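Student:
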Amino acid sequence: MNHPSYAQITREGLWSNNPALVQILGMCPMLAVTSSVVNGLGLGLATTLTLVLSNGIVSSIRHIVRPEVRIPVFVLVIASVVTVIQLVMDAYFHELYKVLGIFVPLIVTNCVIIGRAEAFASKQRADRALLDGLAMGLGFTLVLITLGAMRELAGHGTLFAQADLMLGPMASDWKLTLLPHYRGFLVAVLPPGAFLGLGLLIALKNLIDRRQEQRRAARHRQAAPAPATAAS
Amino acid sequence: MNAARSILVTGIFLFLFAVVGAGMVAFTYDSTRDRIAENERQALLRSLHAIIPEHDYDNDLARDVLVLPGTGFGIRQPVQVYRARHGGKPVAAIFATVAPDGYNGSIHLLVGIRADGRIAGVRAVSHQETPGLGDNIDIRKSPWVLEFNGKSLGHPPLERWKVKKDGGVFDQFTGATITPRAVVKAVRRALVYFKEHRQAIFSAPPPAPAAGRAGRPSATGGSP
Numbered sequence: 045m046n047h048p049s050y051a052q053i054t055r056e057g058l059w060s061n062n063p064a065l066v067q068i069l070g071m072c073p074m075l076a077v078t079s080s081v082v083n084g085l086g087l088g089l090a091t092t093l094t095l096v097l098s099n100g101i102v103s104s105i106r107h108i109v110r111p112e113v114r115i116p117v118f119v120l121v122i123a124s125v126v127t128v129i130q131l132v133m134d135a136y137f138h139e140l141y142k143v144l145g146i147f148v149p150l151i152v153t154n155c156v157i158i159g160r161a162e163a164f165a166s167k168q169r170a171d172r173a174l175l176d177g178l179a180m181g182l183g184f185t186l187v188l189i190t191l192g193a194m195r196e197l198a199g200h201g202t203l204f205a206q207a208d209l210m211l212g213p214m215a216s217d218w219k220l221t222l223l224p225h226y227r228g229f230l231v232a233v234l235p236p237g238a239f240l241g242l243g244l245l246i247a248l249k250n251l252i253d254r255r256q257e258q259r260r261a262a263r264h265r266q267a268a269p270a271p272a273t274a275a276s
Numbered sequence: 038m039n040a041a042r043s044i045l046v047t048g049i050f051l052f053l054f055a056v057v058g059a060g061m062v063a064f065t066y067d068s069t070r071d072r073i074a075e076n077e078r079q080a081l082l083r084s085l086h087a088i089i090p091e092h093d094y095d096n097d098l099a100r101d102v103l104v105l106p107g108t109g110f111g112i113r114q115p116v117q118v119y120r121a122r123h124g125g126k127p128v129a130a131i132f133a134t135v136a137p138d139g140y141n142g143s144i145h146l147l148v149g150i151r152a153d154g155r156i157a158g159v160r161a162v163s164h165q166e167t168p169g170l171g172d173n174i175d176i177r178k179s180p181w182v183l184e185f186n187g188k189s190l191g192h193p194p195l196e197r198w199k200v201k202k203d204g205g206v207f208d209q210f211t212g213a214t215i216t217p218r219a220v221v222k223a224v225r226r227a228l229v230y231f232k233e234h235r236q237a238i239f240s241a242p243p244p245a246p247a248a249g250r251a252g253r254p255s256a257t258g259g260s261p
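Printed below as a string of structure tokens:
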């Protein structure tokens, strides 16, 4: 088993192996709640916290769990962690909890979490597992926020509406109305808008990757001919 | 023998894990329970205050609740009635009722009726109506529900408690008739029930405090 460096783990989670854009995991909550920035941020942070805790616990018990029962153990760990987070959210972020509704308990079924437990945390030291949870979670959150921003802007012409649900009364005037007198674009807020938006994001990521690849290849080609001519 | 032992050890291990997990959840539940109950009470009061202003009554509105069978309203779910009083005199009754025939499932409503039979206010608490069409019953989307304010069974007469398309007085929305029709019908039913049972509604004693949790309108929004 190789041991990736911290930088590698972070890069994987945020970009090159991003759970939402590359692994395409956790689609159901991602598509369902990203109708606004605040919803995306709320679910993203709850998912990140779950990932960090479950990765940490799975990694620290990896030597005592028998391989035959590892999956039930992971499920138990994840279900307990999510239930605890759900109760704490209901107690301290009641309004946001109401808005996210069923998708908070459904974090249990988000494949990103059991996927990271099985593929990474069960084989790595706790510090790497924690960082992996954080990087994957933030990678997921960033996509949720971007998708939420795209849909909120296209659908309602605003950004950060209802930020007070999450950040308290001080955020109640954070709402930016970027397009005043906007009549709204319903498709963006409905599920098809989520699919279209995610498709565009994935395409954009692939485009950026390809550009970088081409630039690297071009630089390589520029560097390569010099010794070749010298030799001839 | 050895295989059986190994299974047993694994089983016990799994059991211990389940115990630890359940313990964690139980501890969190216990330490957040009061706060969650208080949150729900506050949320309920906030929605009730949208209908009856806080200074119009002086009783413990969230606890002065009566649970009625839904049959009187043509629905299966029980209906909670919050009774607002001032100095012991009835001020208004707020029905947490359901319009079962929305375009996309049930619409949970609060229907406030003043003691004299006029509507104090109507709010949609939770629904899954089509965004942009049916969701105009939501006060955050459109002021449509304010149309009910001040109306009563005689004004307009009972047979005109319908949307305009059905020969009544209430506006429907462009592209959505089913949703407002369902809401108007549920409000009308609450009014009829109130007229027939006004005395009983205000004189019935509130249930024992232990039943307090039953008295909240179910407000689960969204579906998977």
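In order, the protein sequence lines correspond to chains A and B.
One point on numbering: in my numbering, the residue at position 30 of the first sequence is 74, and numbering is uninterrupted.
One point on numbering: in my numbering, the residue at position 213 of the second sequence is 250, and numbering is uninterrupted.
Cβ coordinates follow ideal geometry from the N, Cα and C atoms, glycine included.
Note that the structure is a prediction, hence the values are computed from the model and not measured.
Could you tell me the boundaries of the alpha helix (DSSP H) in which Ile44(B) lies?
Tutor: Residues Asn39 to His86.
Student: Within 10 angstroms of its Cβ, does Phe52(B) collect 16 or more other Cβ (buried), or is it exposed?
Tutor: Phe52(B) is exposed by the Cβ-count criterion.
Student: On the three-state DSSP scale, how would you describe Phe132(B)?
Tutor: Strand, per DSSP.
Student: Would you say Glu196(A) faces chain B, with C-beta separation under 8 angstroms as the test?
Tutor: Not closer than 8 angstroms to any Cβ of chain B, the Cβ of Glu196(A) fails to qualify, so no.
Student: Can you name the residues of chain A whose CB is closer than 8 angstroms to the CB of Asn76(B)?
Tutor: Within chain A, the residues near Asn76(B) are Asp134, Ala135 and His138.
Student: Cα-Cα, which of Phe147(A), Leu230(A), Leu186(A) and Pro111(A) is closest to Ile44(B)?
Tutor: Checked all of Phe147(A), Leu230(A), Leu186(A) and Pro111(A); the closest Cα to Ile44(B) is Pro111(A).
Student: Closer than 7 angstroms between beta carbons: that is the criterion. Which residues of the region 230 to 241 of chain A meet it against chain B?
Tutor: Taking 7 angstroms as the Cβ-Cβ cut-off against chain B, the residues of the region 230 to 241 of chain A that qualify are Leu230, Val233 and Leu234.
Student: Give a yes or no on whether 8 angstroms exceeds the smallest Cβ distance from Gly58(B) to chain A.
Tutor: So yes, Gly58(B) belongs to the interface.
Student: I'd like to know whether the C-beta atoms of Arg88(B) and Gly169(B) end up nearer to each other than 8 angstroms.
Tutor: It is worth fixing the name first, because residue 88(B) is Ile in this sequence and not Arg. In this structure, Gly169(B) does not lie closer than 8 angstroms to Ile88(B) by Cβ.
Student: Can you look up Ala275(A) in the DSSP assignment and give me helix, strand or coil?
Tutor: Because Ala275(A) carries a pLDDT of 47, less than 50, the predicted location of this residue cannot be relied on, and the following value inherits that uncertainty. Of the three classes helix, strand and coil, the one that applies to Ala275(A) here is helix, per DSSP.
Student: Spell out whether any CB of chain B is found under 8 angstroms from the CB atom of Arg12(A).
Tutor: The question about residue 12(A) has no answer here: the residues shown for chain A are numbered 45 through 276.
Student: What does Thr211(B) touch in chain A if you count any residue whose Cβ is under 9 angstroms from its own?
Tutor: Chain A residues near Thr211(B): none, gap ~13 angstroms exceeds 9 angstroms.
Student: Just checking my contact of Thr188(A) with Ala238(A) at CB under 8 angstroms: how many whole Å lie between their CB atoms?
Tutor: The displayed chain sequence assigns Leu, not Thr, to residue 188(A). So it is not a contact: roughly 11 angstroms between Cβ atoms.
Student: Just to make sure I have the definition right: I need the residues of chain B whose C-beta is within less than 7 angstroms of the C-beta of Ser124(A). Which are they?
Tutor: Simply Gly58, Met61 and Val62.
Student: Just how far apart, CA to CA, sit Gly109(B) and Asn173(B)?
Tutor: One C-alpha to the other measures close to 27 angstroms.
Student: Just confirm the distance between the C-beta atoms of Ser98(A) and Ala170(A), as a whole number of angstroms; I'd bet it's less than 8 angstroms.
Tutor: Not really, about 12 angstroms apart at Cβ, beyond 8 angstroms.
Student: Where does Tyr140(B) fall in DSSP's three states?
Tutor: Note: Tyr140(B) maps to coil in three-state DSSP.
Student: Verify the contact flag: Leu75(A), CB atom, against every heavy atom of the ligand ATP, threshold strictly below 7 angstroms.
Tutor: The model on display carries no ligand, and the ligand ATP is accordingly not part of it.
Student: Using the three-state DSSP reduction, which class does Gly158(B) fall into: helix, strand or coil?
Tutor: Correct three-state label for Gly158(B): strand.
Student: State the DSSP-derived secondary structure class of Pro127(B), mapped to helix, strand or coil.
Tutor: If DSSP states are grouped into helix, strand and coil, Pro127(B) belongs with the strands.
Student: Are the region 120 to 130 of chain B and the region 145 to 161 of chain B touching by the rule of at least three beta carbon pairs closer than 8 angstroms?
Tutor: The region 120 to 130 of chain B vs the region 145 to 161 of chain B: in contact.
Student: Is Pro116(A) close to chain B, meaning its C-beta is less than 8 angstroms from at least one C-beta of that chain?
Tutor: Yes, because at least one Cβ of chain B sits closer than 8 angstroms to the Cβ of Pro116(A).
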